[in-house]
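Line order of the protein sequences matches chains A and B. Here the first sequence stands for residues 0 to 300, where the numbers follow numbering that gives the first Met the number 0. Here the second sequence stands for residues 0 to 361, where the numbers follow numbering that gives the first Met the number 0. Here is the structure we will look at, set down as structure tokens.
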Amino acid sequence: MLQILFDALSLGSLYALGALGIALIFGVMRLVNFAHGDVIAFCVFALLWPSTDAMAIVFAGQLPWYLLVPFVLLCGAGLSVLCEIVVFRRFRNANPATMMIASFALGFVIRYFLLMLFSSRPKSINLLPELSQPIEIFGARLPLLQLITIIATMLILIGLTLFLRRTRFGLEMRAAAENFSMARMLGVRANRVIMGAFALSGALAGAIALIFGVQTGTADIQMGAAIMLMAFIATVIGGLGSLAGAVLAGFLLGAASVIMQVMLPIDARPFRDAFVYGAVILVLLFRPQGLISARGTKERV
Amino acid sequence: MSAASPAIEPQMTTGAIVAKTPRPFVLARRTIITPILLSLLMIAIALLTMMTGSRPFNQVIIDVFLRVILVVGLYVFIGNSGVLSFGHIGFTCLGAYVAAWLTINPIMKKMAFSGLPGWLIKAQMPYWEAAIIAAIFAGLAALIFGRILMRLSGIAASIATFAMLAMINTIYSNWETVTGGTSSVVGIPIIRSIWPYLIAAILSIFIAWAHAISRSGLALRAARDEPTAAAASGIDIPRERLVAFVISGAIMGLGGALMAHSIGVVTPDTFYLGLTFITIAMLVVGGMGSLSGGVIGVVFLSALIQTLRWLEAGVSIGDVAFAIPKGLQEIALGIIMIIILALRPAGVFGNREISLTRNRGD
Chain A
0 MLQILFDALS LGSLYALGAL GIALIFGVMR LVNFAHGDVI AFCVFALLWP STDAMAIVFA
60 GQLPWYLLVP FVLLCGAGLS VLCEIVVFRR FRNANPATMM IASFALGFVI RYFLLMLFSS
120 RPKSINLLPE LSQPIEIFGA RLPLLQLITI IATMLILIGL TLFLRRTRFG LEMRAAAENF
180 SMARMLGVRA NRVIMGAFAL SGALAGAIAL IFGVQTGTAD IQMGAAIMLM AFIATVIGGL
240 GSLAGAVLAG FLLGAASVIM QVMLPIDARP FRDAFVYGAV ILVLLFRPQG LISARGTKER
300 V
Chain B
0 MSAASPAIEP QMTTGAIVAK TPRPFVLARR TIITPILLSL LMIAIALLTM MTGSRPFNQV
60 IIDVFLRVIL VVGLYVFIGN SGVLSFGHIG FTCLGAYVAA WLTINPIMKK MAFSGLPGWL
120 IKAQMPYWEA AIIAAIFAGL AALIFGRILM RLSGIAASIA TFAMLAMINT IYSNWETVTG
180 GTSSVVGIPI IRSIWPYLIA AILSIFIAWA HAISRSGLAL RAARDEPTAA AASGIDIPRE
240 RLVAFVISGA IMGLGGALMA HSIGVVTPDT FYLGLTFITI AMLVVGGMGS LSGGVIGVVF
300 LSALIQTLRW LEAGVSIGDV AFAIPKGLQE IALGIIMIII LALRPAGVFG NREISLTRNR
360 GD
């Protein structure tokens with residue numbers, strides 16, 4: 000029982016962090032960032048030395064953890080901000096579909112850049128192996144990593160909340176998410192806020208990359224895509240632009256996946272994802288504006 | 000506003016509708032030049048292929064025609080309703096598997112799909128009959144899904160259609176006895192002639208045009224541009240969307256069936272995110288609100304992809320042979336797409352259609 004709870008929480012954490020990264024950017028510039036998954040993949044590969052061999056040459060990954068974590072987070076933030084400056088700045092006034100396709104094209108570029116350097120074979124990496132040891136809590140054997148994932152996610156969420164609520168920059172960002180043009184008129188600097196959002200979102204991608212990399216022990220170019228899709232769905236069910244909603248929906252999706260895995264009859268288990276997606280459609284039918292609808296996203300007539 | 004709108008202005012602006020009833024088919028006559036020009040473009044490409052007569056090039060052109068069918072199918076829904084759908088490739092998947100069920104040799108079928116009902120195992124028909132049935136089947140599936148999904152709009156609708164695609168993919172990847180699971184289904188008769196694909200592409204262009212100028216299509220476009228005003232004028236938006244969804248679903252099904260015949264192998268993952276994104280990208284680069292944009296977007300991006308592939312394989316100019324490194328093809332494609340979208344955010348054509356007379360875009 001406890002095992003299920005922890006499984007649900009740790010899977011939900013990943014989805015919640017991903018959803019948060021997408022919701023942050025959507026909030027300030029109405030962009031659904033399909034390149035987010037590829038930023039995640041990039042962060043993992045940033046730890047490796049470019050080579051096409053199956054065994055990865057761990058390069059930066061050998062740093063002690065107190066240097067490794069900031070390094071990955073900075074990688075994500077750096078790449079994300081770079082994307083903003085080079086690409087997304089030119090799409091500020093484009094319609095959402097155009098921005099979406101542009102972000103997809105950008106993700107494509109990042110993915111094939113990685114492919115060129117590393118080839119498409121998944122590589123095994125040995126990242127922070129001491130985290131894979133199981134520990135015993137209340138009679139359930141849990142990998143230490145799962146516990147750390149959950150705790151780290153909680154810390155990130157608390158930190159982010161404090162940042163958004165207590166600092167001037169956070170205030171500006173929330174104002175921009177609520178009503179971007181009004182915020183600009185009142186003296187919020189658009190470029191700074193948008194770059195901040197991209198940096199935060201990139202750092203979140205880095206965090207996901209670290210957790211996922213340690214969890215699976217492989218670096219795969221496709222790995223970002225699966226999380227990104229779930230995160231994307233979570234963002235929408237949570238109510239686009241609502242950060243709390245994104246986190247809530249991320250955890251709900253994680254819980255739904257894990258619970259269905261346990262509850263469904265054996266024959267139906269391979270179809271688990273179909274049930275999860277069916278549930279997504281149901282939620283959208285009853286709450287098309289999302290679980291927690293953000294103010295300011297509804298168009299006024 | 001689309002190119003078709005000037006023709007209906009008399010109806011909308013004058014109070015005395017009876018006095019100014021337009022002549023029948025005036026809209027059709029004014030806009031038919033667009034599908035004709037696009038079809039001529041298709042025929043020209045086909046003739047060009049015939050003249051070169053090279054085998055690999057033949058396959059490339061078949062792919063172009065297939066993508067034209069798929070993108071035109073997308074346009075019928077996305078272009079007219081303005082709702083981005085990520086789910087349409089699901090209908091392509093349904094169509095492709097119907098083609099597999101109906102055309103594979105019964106003996107092979109018995110082994111591959113043991114769970115199919117007996118009459119379906121015995122059935123074996125020519126590919127074009129199977130393709131028509133595939134289109135009808137996909138259209139029916141679109142009707143069922145659409146009844147539920149068309150109540151949504153905006154980004155919620157996009158996600159719901161994506162969820163639909165993921166559901167179809169999961170079911171087809173795991174229902175081993177009926178779909179063969181994730182392993183590839185082989186034994187579908189391969190059609191190498193380009194003409195069936197050409198005819199299907201032209202057919203879908205004309206269907207899309209006929210839908211766009213029909214009462215339902217015009218109502219849907221009005222709802223896309225001014226949802227509140229359209230609803231206030233008595234347009235039942237979910238119903239008009241459903242009509243477009245079913246028609247586009249059927250076209251996607253047709254495309255899927257033909258795609259199965261062009262490669263002879265189907266797997267559920269052929270019809271998943273990769274194909275979804277490349278077709279949507281072609282539509283958006285060409286111009287989401289325009290049939291011409293969709294078709295020319297396909298031709299343009301396909302030509303670009305092909306050129307980059309040739310460069311990758313290596314070209315020699317004079318004595319100097321040069322080739323771009325592997326993998327650069329996709330990177331260049333992505334960069335070019337970004338540049339086009341940055342320069343023309345509404346796509347190359349925006350909402351305009353090609354025609355002989357200059358028409359007013361917006």
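Just so you know, even glycine gets a beta-carbon here, dropped at the ideal spot from N, CA and C. Remember, predicted model here, so these are calculated numbers, not experimental data.
For the pair residue 63 of chain B and residue 168 of chain A, the Cα-to-Cα distance works out to about 50 angstroms. When CB distances to chain B are screened at a threshold of 8 angstroms, the residues of the segment 76–101 of chain A falling below it are 86, 89, 90, 92, 93, 94, 95, 96, 97, 99, 100 and 101, in chain order. When beta bridges are read from the DSSP output, residue 84 of chain B appears opposite no residue.
The beta strand (DSSP E) runs lying completely inside the segment 132–197 of chain A and spanning 3 residues or more are 133–136 and 139–142, given in chain order. Among the CB atoms of chain A, one or more fall inside 8 angstroms of the CB of residue 280 of chain B. Using a Cβ-Cβ cut-off of 8 angstroms, residue 273 of chain A counts as an interface residue toward chain B, since at least one Cβ of chain B sits closer than that to its own. The residues 27, in chain order, have a CB closer than 7 angstroms to that of residue 179 of chain A in the same chain once the five nearest residues on each side in sequence are set aside.
Note: residue 274 of chain B is not bridge-paired with any residue in the DSSP secondary-structure output.
The alpha-carbon of residue 264 of chain A is positioned some 34 angstroms away from that of residue 187 of chain B.
Comparing alpha carbon positions, the residue from B:330, B:111 and B:231 closest to residue 184 of chain B is B:111. Spatial neighbours of residue 155 of chain A in its own chain (CB-CB distance under 8 angstroms, excluding positions within 5 residues in sequence) are listed in chain order as 16, 203 and 206.
In terms of beta-carbon proximity, residue 299 of chain B stays away from the interface with chain A, with every pair separated by 8 angstroms or more. Relative to the Cα of residue 33 of chain A, the nearest Cα in the group A:281, A:102 and A:70 belongs to A:102.
Taking a Cβ-Cβ cut-off of 8 angstroms, the neighbours of residue 276 of chain A in chain B comprise 162, 163, 165, 166 and 169, given in sequence order. For the segment 257–277 of chain B, the beta-carbon criterion of a distance under 7 angstroms to any beta-carbon of chain A is satisfied by 276. Of the residues B:58, B:242, B:108 and B:71, the one whose Cα lies closest to the Cα of residue 286 of chain B is B:71. Ranked by Cα distance from residue 39 of chain A, the options A:0, A:226, A:123 and A:183 are led by A:226. Against chain B, the beta carbon of residue 232 of chain A has neighbours under 8 angstroms at 158, 161 and 162, listed in chain order.
With respect to residue 344 of chain B, residue 257 of chain B sits apart: the two C-beta atoms are not nearer than 8 angstroms.
Contact between the segment 197–206 of chain B and the segment 29–39 of chain B is present: three or more C-beta pairs spanning the two stretches fall below 8 angstroms.
Among the CB atoms of chain A, none fall inside 8 angstroms of the CB of residue 311 of chain B. Chain-order list of chain A residues neighbouring residue 238 of chain B: empty, with the shortest C-beta distance near 17 angstroms, by a criterion of under 7 angstroms. For residue 334 of chain B, the nearest CB of chain A lies under 8 angstroms from its own CB, placing it at the interface with that chain. Rounded to the nearest whole angstrom, the CA to CA distance from residue 274 of chain B to residue 87 of chain B is 10 angstroms.
Per DSSP, reduced to three states, the secondary structure at residue 284 of chain B is helical.
Using beta-carbon distances, residue 264 of chain A does not count as an interface residue toward chain B, since no partner is under 8 angstroms. Separation of the CB atoms of residue 75 of chain B and residue 250 of chain B is rounded to 6 angstroms, and the pair is thereby assigned contact status at 8 angstroms. Chain-order list of chain A residues neighbouring residue 128 of chain B: empty, with the shortest C-beta distance near 30 angstroms, by a criterion of under 7 angstroms.
The C-alpha of residue 104 of chain A is placed about 14 angstroms away from the C-alpha of residue 113 of chain A. Taken through DSSP and simplified to helix, strand or coil, residue 68 of chain A comes out as helix.
Of all residues in the segment 105–124 of chain A, only 105, 107, 108, 111, 112, 114 and 115 come within less than 7 angstroms of chain B when Cβ atoms are compared, listed by chain position. In summary, residue 190 of chain A is exposed, with fewer than 16 beta-carbon neighbours lying within 10 Å of its beta-carbon over all protein chains present.
Between the segment 286–295 of chain B and the segment 334–348 of chain B there are three or more C-beta pairs closer than 8 angstroms, enough to call the two in contact. Annotation for residue 271 of chain A: the continuous alpha helix (DSSP H) segment containing it runs 271–285. Residue environment for residue 233 of chain B: exposed (fewer than 16 other C-beta atoms within 10 angstroms of its C-beta). Assigned with DSSP and collapsed to three states, residue 123 of chain A falls in strand.
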